[in-house]
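Take a look at the structure set out below.
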Amino acid sequence: MSTPLVVGNWKMNGSLHEARTLAKEISETLGNTKEVKIVVCPPYPYLLAVKNEIEKSLIRLGAQNCHWEEKGALTGEVSITMVSEICEYVIVGHSERRQFFSETDEIVNQKIASAIKFGLSPILCVGENLSQRENGEASTVVSRQIQASLEGIQSPDGLTIAYEPIWAIGTGVPATPEIVSEVMGGSIINTLNRLYGEQRAEQIPLLYGGSVTGENVEAFVALDCVNGALVGGASLRSNEFSDIALITSRVKTSD
Ligand code: PGA
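Numbering of the sequence shown is given in the working numbering, commencing with residue 325 and proceeding in unit increments.
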């Protein structure tokens with residue numbers, strides 16, 4: 325499998341000054357690391373400032389969202405082509421967008437198609453909520469989200485999938501390695517194999533996300549089906565984010 329991947333999703337946090345400082349600190353500690361790919365996803369208005377800070381490093385930039393159209397009368401939106409001028413990655417279908425901004429699988433599908441068309445690497449987020457988990461529907465829900473989000477996408481170039489159970493996001497209660505193994509190693513891999521064939525599917529990096537910390541990351545990335553992590557809260561603390569990246573690199577390179 326290719327280089328592991330650790331993505332920091334800063335969400336709607338920090339000031340311009342804090343974003344610059346965080347980017348500077350991360351690029352000082354991780355900027356030359358080749359064993360693990362690092363992506364940071366700051367809020368839109370800070371993308372350029374962060375890009376400047378990480379310019380000379382190997383760290384890559386991602387956006388947290390995009391609109392699938394190239395341009396138009398869509399006040400407040402940021403188009404895929406605008407994002408593609410600045411970023412290499414874009415997070416699509418994060419559960420907070422599905423939950424608070426009514427993003428459906430159809431919308432997610434348009435964003436993925438557009439990201440691939442304009443050469444961005446989409447990070448597709450999927451995951452069940454608590455009642456779906458309690459009803460034993462996690463695997464079905466995740467498989468359905470993937471199928472619907474990738475509908476009509478023949479060639480998933482640059483695609484990454486992040487399994488983020490909603491009940492684990494920002495709660496301090498991560499999933500267990502058993503759950504991650506079952507959903508990612510089972511449902512997600514099976515769905516991708518069905519859609520793209522085993523050979524193509526195994527090139528799609530799979531991340532775990534949901535209350536990942538420096539303390540618990542090892543148990544997740546030690547799983548064969550996990551290629552890295554999508555980190556929210558802990559990505560705002562440069563020391564901890566660096567620990568997460570370095571642990572991932574150590575575990576994955578000793579595989
Ligand atoms: P968290 O967020 O690490 O704070 O749980 C993860 C995410 O939402 O991507």
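Where is the CB? At the ideal position from N, CA and C, for every residue including glycine.
Computed from a prediction, not measured in an experiment: that's the story for all the values here.
When the Cα atoms are used, what is the spatial distance from Y532 to G552?
-> Residue numbering aside, residue 532 sits at position 208 when the sequence shown is read from its first letter. Residue numbering aside, residue 552 sits at position 228 when the sequence shown is read from its first letter. Approximately 7 Å, taken between the alpha carbons.
Beta-carbon proximity list for A492, same chain, < 6 Å, skipping 5 on both sides | For the purposes of this step, residue 492 is taken as residue 168 along the sequence shown, with counting starting at 1. P498, A499, G534 and S535.
Is the CB-CB distance between P446 and A437 below 7 Å?
-> On the sequence shown, residue 446 is found 122 positions in, with the first residue counted as 1. On the sequence shown, residue 437 is found 113 positions in, with the first residue counted as 1. It is not a contact, given that the beta carbons lie outside the stated cut-off.
Can you name the start and end residues of the beta strand (DSSP E) that L554 belongs to?
-> Translated into positions along the sequence shown, residue 554 becomes position 230. Element bounds for L554: G552 to V555.
Please find out if some non-hydrogen atom of the ligand PGA comes closer than 6 Å to the beta-carbon of V555.
-> Residue mapping note: residue 555 aligns to position 231 of the sequence shown, counting from 1. With a cut-off of 6 Å, the C-beta of V555 is classified as near the ligand PGA, since at least one heavy atom of the ligand falls inside that distance.
Just how far apart, CA to CA, sit M406 and T577?
-> Counting from one through the sequence shown, the residue named residue 406 turns up at place 82. Counting from one through the sequence shown, the residue named residue 577 turns up at place 253. If I take the Cα positions, the gap works out to 35 Å.
First and last residue of the alpha helix (DSSP H) that includes P446?
-> Here the question's residue 446 lines up with position 122 in the sequence shown. Here P446 belongs to no alpha helix (DSSP H); instead the beta strand (DSSP E) covers S445 to V450.
Once you ignore the five residues that flank V504 on each side, which residues in its own chain have a CB closer than 8 Å to its CB?
-> Sequence index remark: in the sequence shown, residue 504 carries index 180 (1-based). The residues are Y487, Y532, F544, L547, C549 and V550.
Out of E539, P529, N333 and Y370, state which residue places its alpha-carbon closest to the alpha-carbon of V360.
-> By 1-based counting over the sequence shown, the position of residue 360 is 36. Considering only alpha carbons, the answer is P529.
Delimiting residues of the alpha helix (DSSP H) encompassing L371 | Locating residue 371 in the sequence shown gives position 47, where the first residue counts as 1. Start and end: L371 to I378.
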